[in-house]
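Following: one structure in structure tokens, then a few remarks.
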Amino acid sequence: MQALVHAENYLRDKLKSKESLYQLTIEINHAQEGQTTAFITLRDTKNARAGQIYVEKALHSGLQKTVLLTDKQVKNCAIIHAATFTDDHSQTLLPLLSYFALRQARIWQCHNIIALNQENKLLRLAPLAYLPRIFAQQLSYSIYQAYEACDETERAFIQTYFIYEILDTFKLWVTNLFQDSWFSSIKTRSISKEQYVSTLYNLHAFVKHTTRLAARCVAFCESRELRNHYIHHLKGEINHEVIIESDLKALHADVDYLLQANVAHPATEAFMVLQESITGFKQDAVLMMACPFIAEGMTANISSQFVDDLHATIKTWGIKSPESVSRFLTSHMKTDGGDDGHWVRVIMMMDKFIKTENQLQQFLNTLQLAMSSYARGLNANIDDMELWRLQQSHAILEKSTI
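In my numbering, the protein residues as written are 42 to 443.
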């Protein structure tokens, strides 16, 4: 995933250019028994402070086995353990350490936090009614309390890691997406022509609105820098739906129906409704960046092998020039990727304009909605149209009747 490398290089160079008061180290261990643990170490050399805390996934943990909690109860939970410090003075690092422990749990897609005691008062943990020796709280509430307990310098340090959490969340999603139905059908060269046409139909349903949504952001955006970002984005998206129409014409698909009567798949519509809500109701140009971030991030990180597999599959449909029907997908790999592509520009803007924990929580919620609807919409072109794809059992049956 080359575009992710460019993004990580940008963030690394940015981090090197600034002298930080704190040194943060996160070490993640995966045990053979399925346990996952993260050790967070924080050092403040200027003030001679240091501390460590660790957090682990509750699923398959020793605690789960000891208190007999079910997988369903703990599948989205993390266990936070007591922090340790080099001296009493270092205990003032507790809010910052707690924040980064809970941040890691959030990256793991955990929604609840568990502890064996209430020593960490700032997390507002409370005993479970049916198991009072276990203390718990919703993660979003506890991490907000930890953030609020930090001073201005500590919050500024936390803000520099917001973009890393967003990228880690995206990386987990896109890695899974590349293993899902749609990308697997390309990798195995089994996608049918009908499924591919359906894909282009549904992509067209939201691509045709991209410039109008960007224009709305330009209209209500108060920040000149962010407004200019959307103007640049808008210019780069003009008439991209026409490329899809050209691909479909080369496939001899019904483009008139597409333009006049086609209604997108409900999951694709969900992705559209999300964007319409952000721009029409919330009018929040920062939250809106979540949508191009995941859509462009996907195409920016597609490998060249994808193109080879796609073109090889298209040839099996009897199309001699696969390039003539795949211009949209392949062209966006170039415009969205690279160290000067659309995607890195979006990352730069997110890094600058997401400033508080509350704003980050709202952005992460929007990001999850965008990722979920986009993935479901893409995979539906395969999963809901399996009738049009040759199955192994049919191939065996065909051979047996010859």
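Where a beta carbon is used, it is the ideal one built from N, C-alpha and C, also for glycine.
Reference residue i; option with closest CA among the options
i, options, result
"L62", "R430, V46, E193 and S318", "E193"
"K116", "R90, A142, L134 and W149", "W149"
"A326", "T201, L428, V387 and T216", "V387"
"E310", "D288, H245 and I335", "H245"
"A79", "I69, L52 and Y188", "I69"
"E398", "A124, L143, T127 and M42", "L143"
"T240", "C332, L254, F224 and T251", "F224"
"E337", "D424, T371 and Y95", "T371"
"L267", "S58, L163, I319 and F394", "F394"
"I33", "V366, E49, G321 and L166", "Nothing in the structure corresponds to residue 33, since the chain is present only between 42 and 443."
"L213", "R147, I154 and H273", "R147"
"I423", "E74, Y140 and K234", "K234"
"V153", "I81, L166 and A119", "Val is not the amino acid found at residue 153; the sequence shown has Asn there. The shortest Cα separation from N153 among I81, L166 and A119 belongs to A119."
"Q400", "S345, A421 and M330", "M330"
Spatial distance of residue i from residue j (CA atoms)
i, j, result
"C262", "F198", "27 Å"
"L110", "Q179", "17 Å"
"A187", "A124", "14 Å"
"D288", "V296", "10 Å"
"C332", "T407", "8 Å"
"Q432", "F219", "21 Å"
"I335", "L254", "16 Å"
"A99", "R174", "16 Å"
"Q301", "L163", "57 Å"
"T442", "T357", "Any reading at T442 must be qualified, since the residue scores a pLDDT of 48, below 50, and its modelled position is unreliable; the value itself is stated next. Their backbone Cα atoms lie some 22 Å apart in a straight line."
Buried versus exposed, by CB contacts within 10 Å (16 or more), residue i
i, result
"L405", "buried"
"D129", "exposed"
"G359", "exposed"
"G92", "buried"
"S102", "buried"
"E282", "buried"
"H383", "buried"
"H273", "exposed"
C-beta contact flag for residue i and residue j at 8 Å
i, j, result
"L83", "L56", "no"
"A411", "F312", "yes"
"I285", "T252", "no"
"R230", "D350", "yes"
"V238", "L292", "yes"
"N342", "L52", "no"
"S183", "L315", "no"
"H352", "S367", "yes"
Beta carbon proximity, residue i to chain B, threshold 8 Å
i, result
"D129", "Included in the structure is just one protein chain, with no chain B present."
**Request:** Kindly provide the ranges of any beta strand (DSSP E) runs that are 3 or more residues long and lie completely inside the segment 110-154, ordered along the chain.
**Result:** Entirely contained in the segment 110-154, the beta strand (DSSP E) runs reaching 3 residues are, in chain order, 118-121.
**Request:** Note down, one range per segment and in chain order, each alpha helix (DSSP H) of at least 4 residues found wholly within the segment 159-204.
**Result:** Unbroken alpha helix (DSSP H) stretches of 4 residues or longer found wholly inside the segment 159-204: 180-190 and 193-200, given in chain order.
**Message:** Threshold first: 4 residues or longer. Then list the alpha helix (DSSP H) segments lying entirely within the segment 223-258, N to C.
**Reply:** The alpha helix (DSSP H) runs of length 4 or more contained entirely in the segment 223-258 are, from start to end of the chain, 234-248.
**Prompt:** Can you give, in chain order, each stretch of the alpha helix (DSSP H) that sits fully within the segment 326-407 and has at least 4 residues?
**Reply:** Correct list: 326-329, 331-341, 345-356, 368-377 and 383-394.
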